[in-house]
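All the letters of the sequence shown, read from the start, carry residue numbers 49 to 245 under my numbering. Notes to accompany the following structure.
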Amino acid sequence: MKKKYNLITVAVFLIFIFSFLFLQIITPSKSFSDLENRYLQQLPEFSFKELFDGDYTADFESYIEDQFPYRDTWITFKNELERLIGKQEVNGVYFGEDDYYFEVKDTYDAEQLLRNITYINLLNSKLEEQGIHTTFFPIYSSYMYYGDKLPTNAPVVNELEITEALKQYLEMDVVDSYEILQQHKDENLYFKSDHHW
Numbered sequence: 049m050k051k052k053y054n055l056i057t058v059a060v061f062l063i064f065i066f067s068f069l070f071l072q073i074i075t076p077s078k079s080f081s082d083l084e085n086r087y088l089q090q091l092p093e094f095s096f097k098e099l100f101d102g103d104y105t106a107d108f109e110s111y112i113e114d115q116f117p118y119r120d121t122w123i124t125f126k127n128e129l130e131r132l133i134g135k136q137e138v139n140g141v142y143f144g145e146d147d148y149y150f151e152v153k154d155t156y157d158a159e160q161l162l163r164n165i166t167y168i169n170l171l172n173s174k175l176e177e178q179g180i181h182t183t184f185f186p187i188y189s190s191y192m193y194y195g196d197k198l199p200t201n202a203p204v205v206n207e208l209e210i211t212e213a214l215k216q217y218l219e220m221d222v223v224d225s226y227e228i229l230q231q232h233k234d235e236n237l238y239f240k241s242d243h244h245w
């Protein structure tokens, strides 16, 4: 009886494993994930050089992870499960009210901001030499308009302060869109599930 039970266990395990292998083979590769807003790893080209360097196996592992059958369904299931058990943040994303997702932005690098401003000013001066007038138009993260949907006490960066620094240090016109977009926030300015804004 025990031997029969062991055989059934092994058979179920092998069916499970080979089912996913079969699905992996017959499912066409996707190039882009709308859910994650990123390009997915494609099947790497085999070469002995890359195999011995370890690059091929690393790329192939990324390919299997990105092209796993029903990957988007599994990710959605995992996120919903974590949300149900009360997590407010997963992988740098807050779960907001009414199914809003927000990227966790609780700090910003002031030195990097100043470096970026320097580079933008340099680009602007080169464009001005060519007779091209530039205007800077900052776009705010969705939590700036839908902050009431954030989890309670979620730390976020006040991006209005960043815009003030841009106005002060950029050597070009800065059009502040905050007030204009604030008046239209009920018009679904951002996709609820796109946490990249």
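Note that the Cβ used here is the ideal one computed from N, Cα and C, for glycine as well. This one's a predicted model, so the numbers in the text were calculated from it and none came from an experiment.
{"Item": "From N201 to Q136, what distance separates their C-alpha atoms?", "Value": "11 angstroms"}
{"Item": "Of all the options I165, T211, F143, E212, which has the alpha carbon lying nearest to the alpha carbon of G195?", "Value": "F143"}
{"Item": "Any contact of the segment 87 to 96 with the segment 105 to 114, i.e. 3+ C-beta pairs under 8 angstroms?", "Value": "yes"}
{"Item": "Who does T183 pair with in a DSSP beta bridge?", "Value": "D221"}
{"Item": "Below 7 angstroms CB to CB, which residues in the same chain sit around D154 once its five sequence neighbours on both sides are set aside?", "Value": "P203, V204, V205"}
{"Item": "Kindly list the residues whose CB is nearer than 7 angstroms to the CB of T182, restricted to its own chain and excluding five residues on each side of it in sequence; keep chain order.", "Value": "N172, L175, M220"}
{"Item": "So, helix, strand or coil for F80, using DSSP?", "Value": "strand"}
{"Item": "Does the beta carbon of F80 fall short of 6 angstroms from some heavy atom of the ligand GTP?", "Value": "Among the components modelled here there is no ligand, and therefore nothing to report on the ligand GTP."}
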